[in-house]
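Novice:
Numbering (the numbering used here), first residue to last: 6 to 192.
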């Protein structure tokens, strides 16, 4: 309902060009990708055609169903669905499905999303944080976060992950990520 999508396959006109471009530019062959706010797989699927594994986080049961159908229609890719929202802590949260459409679903308590045209439904979802996920899944080489205003909150729950990624990039001689994490720590 309201997102007018069913199943995605490569070559579908439903793919948004900029998401394909992100996958082609940032997802290295054989990499691990975390897709936070996966929706129905608009980024997860093209990323999975390059990556070794995509871990897709999606709290909306309807979008999860579409994501599972997309995976079933593309058996050559490796996408693991984690049916939760990502936040700063392992907990529960109120989650809003807006009248406007499911692409604007959001954690209610943030009060940030304004493009909703009212509320269609609200329910409780489980939340995990990035550090909890890091203990259970491979560390990502790339993370896409599209969480309708929850991005800063998600990064607050990623201290261990950011430290790990900073260390790994420092070992490779890359100074960009350590500087970025340093700036984030000062916020």
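Using N, Cα and C, we set each Cβ at its ideal position, and we do this for glycine too.
If distances are taken between C-alpha atoms only, which option among 134, 82, 56 and 36 comes closest to residue 150?
Specialist: For residue 150, the nearest C-alpha among the options comes from 134.
Novice: What would DSSP say about residue 64, mapped onto helix, strand or coil?
Specialist: Coil.
Novice: Could you tell me the boundaries of the alpha helix (DSSP H) in which residue 40 lies?
Specialist: Where residue 40 is concerned, there is no enclosing alpha helix (DSSP H), although the beta strand (DSSP E) it sits in stretches over 37-41.
Novice: Answer with buried or exposed for residue 40, where buried requires no fewer than 16 other C-beta atoms within 10 angstroms of its C-beta.
Specialist: Buried, because 16 or more other Cβ atoms sit within 10 Å of the Cβ of residue 40.
Novice: For residue 178, count neighbouring Cβ atoms within 10 angstroms of its own Cβ and tell me buried if that reaches 16, exposed if not.
Specialist: Answer is exposed; the Cβ neighbour count stays below 16.
Novice: Give me, in chain order, the residues of the same chain whose beta-carbon lies closer than 7 angstroms to that of residue 18; leave out the 5 immediate sequence neighbours on both sides.
Specialist: Any reading at residue 18 must be qualified, since the residue scores a pLDDT of 49, below 50, and its modelled position is unreliable; the value itself is stated next. Nothing meets the Cβ criterion.
Novice: Does DSSP put residue 29 in a helix, in a strand, or in coil?
Specialist: Of the three classes helix, strand and coil, the one that applies to residue 29 here is helix, per DSSP.
Novice: With residue 103 as the anchor, note down where its beta strand (DSSP E) starts and where it stops.
Specialist: Taken as a continuous stretch (DSSP letters only), the beta strand (DSSP E) holding residue 103 covers 96-103.
Novice: What is the residue span of the alpha helix (DSSP H) that residue 138 lies within?
Specialist: Run containing residue 138: 135-139, per the alpha helix (DSSP H) assignment.
Novice: Could you pull out every residue in the same chain whose Cβ sits closer than 8 angstroms to the Cβ of residue 72, ignoring the five residues on either side in sequence?
Specialist: The residues are 43, 44, 45, 46, 49, 61, 63, 84 and 86.
Novice: What does DSSP give as the partner residue(s) for residue 86 in the beta ladder?
Specialist: For residue 86, which the question treats as bridged, DSSP gives the partners 61.
Novice: Hey, how far is the Cα of residue 76 from the Cα of residue 104?
Specialist: Taking the straight line from one Cα to the other gives about 27 angstroms.
Novice: According to DSSP, is residue 55 helix, strand or coil?
Specialist: It is coil, neither helix nor strand.
Novice: As a quick exercise: from 66, 38, 67 and 70, pick the residue whose alpha carbon is nearest that of residue 55.
Specialist: Minimum Cα distance to residue 55 is reached at 38.
Novice: Which one of 132, 146, 141 and 145 has the shortest CA to CA distance from residue 93?
Specialist: Answer by Cα proximity: 132.
Novice: Could you tell me the alpha carbon to alpha carbon distance between residue 126 and residue 165, rounded to whole angstroms?
Specialist: One C-alpha to the other measures close to 34 angstroms.
Novice: Out of 69, 66 and 36, point me to the one whose CA is closest to residue 53's CA.
Specialist: It is 36 whose Cα lies nearest to the Cα of residue 53.
Novice: Looking at the C-beta of residue 50, does it have a partner C-beta in chain B at a distance below 9 angstroms?
Specialist: Absence of chain B from the displayed structure is noted, only one protein chain being present.
Novice: Go through its chain and collect everything with a Cβ distance to residue 57's Cβ below 7 angstroms, but skip five positions before and after it.
Specialist: Same-chain partners within the cutoff: 35, 36, 37 and 83.
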